[in-house]
Every structure is written in structure tokens, then in C-alpha cells.
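If you read the protein sequences in the order shown, they are chains A and B.
Quick note: UniProt numbering has the first sequence finishing at residue 239, numbered continuously throughout.
Quick note: UniProt numbering has the second sequence finishing at residue 239, numbered continuously throughout.
C-beta atoms are modelled at their ideal positions from N, C-alpha and C, and glycine is treated no differently.
Everything below concerns the one structure shown next.
There are 2 protein chains.
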Amino acid sequence: MDNSSGVGVIDKAVMVLDTLEAGPTSLAQLVAATGLARPTVHRLALALVHHRLVSRDMQGRFVLGRRLVELAAAAGEDRLIASAGPVLLSLRDATGESAQVFRRQGDARVCVASAERPVGLRDTIPVGTQLSMKAGSAAQVLLAWEDHERLLEGLRGARFTPTVLAGVRRRGWGQSLGEREPGVASVSAPVRGPSGRVIAAVSISGPIERLSRQPGRIHAEVVVQAAQQLTEALRKSND
Amino acid sequence: MDNSSGVGVIDKAVMVLDTLEAGPTSLAQLVAATGLARPTVHRLALALVHHRLVSRDMQGRFVLGRRLVELAAAAGEDRLIASAGPVLLSLRDATGESAQVFRRQGDARVCVASAERPVGLRDTIPVGTQLSMKAGSAAQVLLAWEDHERLLEGLRGARFTPTVLAGVRRRGWGQSLGEREPGVASVSAPVRGPSGRVIAAVSISGPIERLSRQPGRIHAEVVVQAAQQLTEALRKSND
DNA sequence: ATTGACGTCTCAATATCTGAGATGCAAGTC
DNA sequence: GACTTGCATCTCAGATATTGAGACGTCAAT
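What follows is the structure, given as C-alpha cells:
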């Protein structure tokens with residue numbers, strides 16, 4: 001494989017990062033592994049330290065830095081949001097309701113993607129909105145597959161019960177009526193990461209009058225399908 | 001803050017990565033955000049794409065790349081291993097037994113750090129060793145706090161039972177006698193990440209003759225303390 | 001058909017990067 | 001204590017890699 005990108009300094013800096021992937025590495029070892037001149041490696045490594053892409057351990061060895069974890073988190077978020085767009089548009093059109101993707105963030109859930117029903121009575125949840133983990137079908141789904149203790153902690157003060165969460169796990173989806181806001185119904189299903197763990201929830205929401213008092217009966221199938229499409233899309237873009 | 005590292009190309013490349021942290025960005029937007037000349041940004045961005053630190057979405061916009069996730073995973077592993085060393089040495093000395101840290105990897109657990117008892121009858125588990133998730137106190141601890149379905153899946157074919165795992169959750173530690181290997185006893189406790197989730201297990205292991213048929217009764221306290229020290233060390237190095 | 005915005009490419013000029021060699025320090029050996 | 005070795009850090013003359021103005025191609029809007 002041609003390893004030259006056309007920008008020599010970046011090629012060399014990446015050689016340093018690649019070498020550090022194996023673990024803490026002294027300057028001498030970096031020189032040996034990269035084949036570069038010692039002052040060159042020294043200067044590049046210090047530049048990467050300056051930008052927190054690399055740091056130094058107690059023995060002065062170079063190690064990969066925290067900034068990489070920050071950038072990686074942003075990269076992961078990008079992929080979820082990129083994949084969610086078309087899936088939510090399809091779901092909105094199939095159901096005629098607004099559709100969203102939520103992620104958990106501590107004691108709240110955050111809307112990270114949204115496709116709104118364009119006309120008439122509709123539930124509007126702008127991207128970035130933080131909602132409670134104590135109410136709503138998305139909260140149920142984000143909680144249902146947590147470990148026992150976190151599940152019990154999450155249920156404290158919640159508008160739903162352990163029995164409801166057991167139902168969510170059995171059926172693979174959740175529904176709510178007026179939990180987050182009077183008059184609003186919703187249906188949600190889990191998005192799973194490559195390891196199978198629930199990382200997000202796909203939801204539709206709208207007025208009870210239109211979604212009925214059993215919104216899951218009508219809409220669960222397409223919501224579950226949309227969530228599975230998103231799970232598949234994320235798995236594929238890992239390859 | 002002085003933003004110049006002494007290597008101009010790296011400074012500029014990092015400006016591009018920093019800008020992309022906010023999400024998919026066109027070339028024009030990168031030019032505006034970085035203040036660099038258009039061909040410069042173009043060349044640097046293509047070089048980062050070449051090394052998979054950046055990629056392009058369906059609209060041709062630049063996005064943070066998958067290589068960052070790979071490097072971040074390595075960075076995380078580095079920190080666990082770096083923090084584990086002194087903790088395991090203390091634990092080995094306090095108990096007189098070999099001490100290890102295990103992480104889960106699919107259907108196996110892997111020893112990522114180890115401090116061996118130097119003399120006499122001892123249990124040796126070299127770093128990198130893969131062991132079963134179906135036997136041993138570390139397997140119990142890595143499994144006990146999983147969600148209900150993953151917990152049930154993990155119990156299939158296991159040498160321990162749901163009742164044993166409930167005890168692990170209640171006490172905060174697990175013990176085993178001859179599960180992984182006849183004549184070997186072990187005690188393990190959970191290491192938790194910043195979100196509180198179990199990410200690794202601290203263990204001691206040795207002959208039943210020395211550890212007794214109730215190794216937890218004697219050693220659980222220091223194993224739990226060692227695991228909590230490691231949890232704290234990881235939390236601190238996030239700041 | 002024309003215009004404007006954007007992405008991509010070229011290449012002369014020069015600013016940056018390189019790396020040989022020097023220096024400082026710590027650890028090991030005698 | 002003196003000496004040697006190995007490693008990290010620093011300097012700076014010279015080479016070259018990088019820069020960015022300008023050209024070109026494409027596409028969407030008018």
C-alpha cells in the first residue's frame with residue numbers, strides 16, 4: 001500500500017501515532033520503529049504532545065493522548081447522526097408522525113436527530129433538546145436493557161414500572177401515553193451498537209387522537225424496523 | 001494559549017481536526033473556520049483522509065474518521081494498564097498471591113495486567129492470556145452487572161448460577177474454587193468506568209490450600225479496595 | 001447563456017523542516 | 001571517583017517540502 005499522502009510531515013506524524021497504538025514507547029523505540037531521524041521524531045512527538053494527541057507517562061515514555069478519545073466520541077456521534085437522517089425521513093413518511101433518535105446522557109436523554117411531520121398537529125422536538133429519563137417511551141427503551149441496579153435506580157420516580165420495562169424487553173419496543181406531555185403518545189425501539197448494547201432509541205410521537213391509546217399496536221412494526229435499519233447501518237460502517 | 005507547537009503542518013492539521021469535531025464540514029467551511037488558504041486546507045484534509053483520520057460523507061463533506069476510534073480505544077487501554085500496575089503490586093504484596101486485571105472481549109476474558117507472586121506455589125497468568133467467561137470469579141464479576149438478556153446468555157453453560165451472580169452483586173465481589181482449574185481459588189471485584197459501568201475485574205488467584213475454601217472471607221476486602229483504587233485512578237485521569 | 005460558488009490542481013517561490021552533530025544527564029561498570 | 005554508554009534534547013545551515021495565487025472544471029441558480 002502506498003503510504004504517502006502527499007504531505008510528508010503528516011505521514012511521519014501518523015507513523016508516530018501508529019507506533020504508539022501498541023502502548024507506551026520511548027523515544028529510542030519510536031526512532032527504531034519509524035526509521036526516522038531522532039531529532040525529527042522528537043520534534044514531531046513534542047508537537048503532538050502540545051496538541052494532546054500524545055502525552056508522556058511517568059517514565060517519560062510517549063503514549064496516545066486524551067484528545068483522541070474526545071475526537072473519537074465526536075466521530076461516533078457523527079456516524080449515528082449521518083445514518084439516522086434517511087431512516088427517520090422514511091419513518092416519518094411511513095407513519096405520518098414526527099420521528100426522532102434519542103441517546104442517554106446521564107440522567108437525561110437528548111434528541112440527536114429529528115424528522116418532523118411538516119403540516120398539521122405535530123410533536124416538535126428540536127435536535128439538542130434534553131428530556132427526562134423518567135417518562136416517555138424512549139426513556140423506557142434506553143432503560144429496559146440496563147443492568148439490574150441501574151434499572152432500579154432509573155425506575156425511582158419514573159412514570160413507568162418494572163412490569164412495563166419487562167414488556168419492553170419482551171416485545172422489543174415501548175409505548176407511552178401522556179407521560180412526558182399530556183395529549184402526546186409515542187412509540188420507541190432500541191438501536192444497538194456492534195456489541196449488541198442499546199446505544200440509542202428511535203421514536204415517533206404525536207397526538208393521542210391520531211396515534212390512538214395503543215400506538216404500539218399500529219406503529220411498533222415500522223419503528224422496530226427503522227431501529228434495526230439504523231443498527232445495521234452502524235454495523236456496516238464499521239467494516 | 002500559545003497554539004504553535006513548532007511544527008506548522010501539524011498545527012494546521014490539528015486545526016482541521018478541531019473544526020471537524022463539530023460535525024460534517026465542507027471545504028469552504030473548513031477554509032473559513034481555519035483561516036488557511038483553500039489549497040492548503042484541501043491538501044491537508046486529503047492527507048488526513050489518506051490516513052483515515054478523516055473521511056468524506058455522501059455529500060463530499062469532511063468528517064472525523066474511524067482511525068480515531070481505533071486510536072482512542074488503544075489510548076483507553078493504555079490508561080487502564082498504566083493505572084493497574086501499582087495497584088496490582090500493592091495487592092500482590094498485601095495478599096501474598098498473584099494479582100491480575102481482566103477485561104471482557106466477546107466470549108472470553110483477557111488478562112491485561114498482572115503481578116505475580118515471586119516464589120513458591122503460584123498461579124501464573126501471563127498478560128494477553130485469554131480465559132473463559134464460563135468459569136472463575138473474574139467471569140462472575142464481568143457478567144454480574146450485565147443487562148438481563150446478556151446475563152442469561154452468559155450463564156448458558158457456565159460453572160456458576162444466577163444465585164451466585166446475585167451474591168456477587170450484593171457483596172460487591174465474587175469467589176471461585178476450582179472453576180477454571182482444579183486446585184485454584186480466586187477472588188475478584190469490579191472496576192467501574194466514569195459512567196459507573198463495569199469495565200474490568202481485579203483478581204487474586206492461588207492454590208485452594210493457601211486461599212482456603214472461602215477465599216472471599218479472607219481477601220475480599222483488599223481486592224474490593226484495590227478495584228476501587230483503580231476506579232478512582234481512572235476517574236482522576238479523566239480530569 | 002451567464003454567473004457565482006465550490007472543489008481540485010499546478011508550480012514558482014520561499015519558509016519550514018530536516019538531521020548531523022553537539023550537549024547534558026543518568027545509570028552502570030570498574 | 002572516574003569513565004563509559006545510552007538516551008533525550010537542542011542548534012542551525014542547507015535542502016526541499018510546503019505554500020498559496022491563480023487557473024481550471026463542475027454544478028446549481030438565474
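Can you find the residues in the same chain that come closer than 8 Å, C-beta to C-beta, to residue i, ignoring five residues on each side of it along the sequence?
i	result
A:PRO24	ASP57, GLN59, ARG61, PHE62, VAL63
B:SER98	ARG92, SER114, ALA115, GLU116, ARG117, ARG122, ASP123, THR124, ILE125, ILE204, SER205, GLY206
A:ALA47	ALA13
B:HIS219	THR95, GLU97, VAL187, ILE204, LEU211
B:VAL164	GLN140, GLY174
B:LEU53	LEU17, LEU64, GLY65, ARG67, LEU68
B:ARG171	GLY216, ALA220
So is residue i buried or exposed if we call it buried at 16+ other beta carbons inside 10 Å?
i	result
A:HIS51	buried
B:SER4	exposed
A:VAL9	buried
A:VAL119	exposed
A:GLU153	exposed
A:ALA84	buried
A:ARG104	buried
B:GLY196	exposed
A:GLY35	exposed
B:GLY106	exposed
B:ALA82	buried
B:ALA22	exposed
B:ALA45	buried
A:ALA32	exposed
B:ALA138	buried
Do the CB positions of residue i and residue j come within less than 9 Å of each other?
i	j	result
A:ARG122	A:GLY206	yes
B:VAL168	B:GLN140	yes
B:GLY6	A:ARG43	yes
B:ARG38	B:LEU27	yes
B:VAL101	B:LEU230	yes
A:VAL16	A:LEU30	yes
A:ALA72	B:LEU80	no
A:LEU155	A:LEU143	yes
A:VAL87	A:ALA200	no
B:VAL69	B:TRP145	no
A:ALA75	B:GLY76	no
A:ASP147	B:ASP18	no
Give me the DSSP bridge partner(s) of residue i.
i	result
A:PHE62	A:THR25, A:ARG56
A:PRO207	A:VAL184
A:GLY154	In DSSP, A:GLY154 forms no bridge with anything.
B:GLY174	B:SER188
A:GLN100	A:SER114, A:SER203
A:VAL198	A:ARG192
A:GLN130	A:VAL110
B:GLN105	B:ALA108
A:ASP147	B:ASP147
For residue i, I'd like the list of residues in its chain whose CB is within less than 6 Å of its CB, leaving aside the five on either flank, ordered along the chain.
i	result
A:ARG180	ALA135, GLY136
A:ALA189	TRP173, VAL202, VAL223, VAL224, ALA227
A:ARG210	none
A:GLN130	ALA108, VAL110
A:ALA158	LYS134
B:PHE160	GLN140
B:MET1	With a pLDDT of only 42 at B:MET1, under the threshold of 50, the placement of this residue in the model should not be trusted; the figure read from the coordinates follows. Same-chain partners within the cutoff: there are none.
A:GLU221	none
Whose C-beta lies closer than 7 Å to the C-beta of residue i among residues of the same chain, with five residues either side of it excluded?
i	result
B:LEU89	ALA115
A:ARG213	LEU177
A:GLY216	TRP173, GLN175, VAL187
A:ARG192	VAL198, ILE199, THR231
A:PRO162	LEU155
B:VAL41	VAL16, LEU27, LEU30, VAL31, THR34
Does the beta carbon of residue i fall short of 8 Å from some heavy atom of the ligand COA?
i	result
B:VAL141	Only the bare structure without any ligand can be found here, which leaves the ligand COA out of the picture.
I'd like the ranges of any beta strand (DSSP E) spanning at least 3 consecutive residues and lying wholly in the segment 210-239 of chain B.
none
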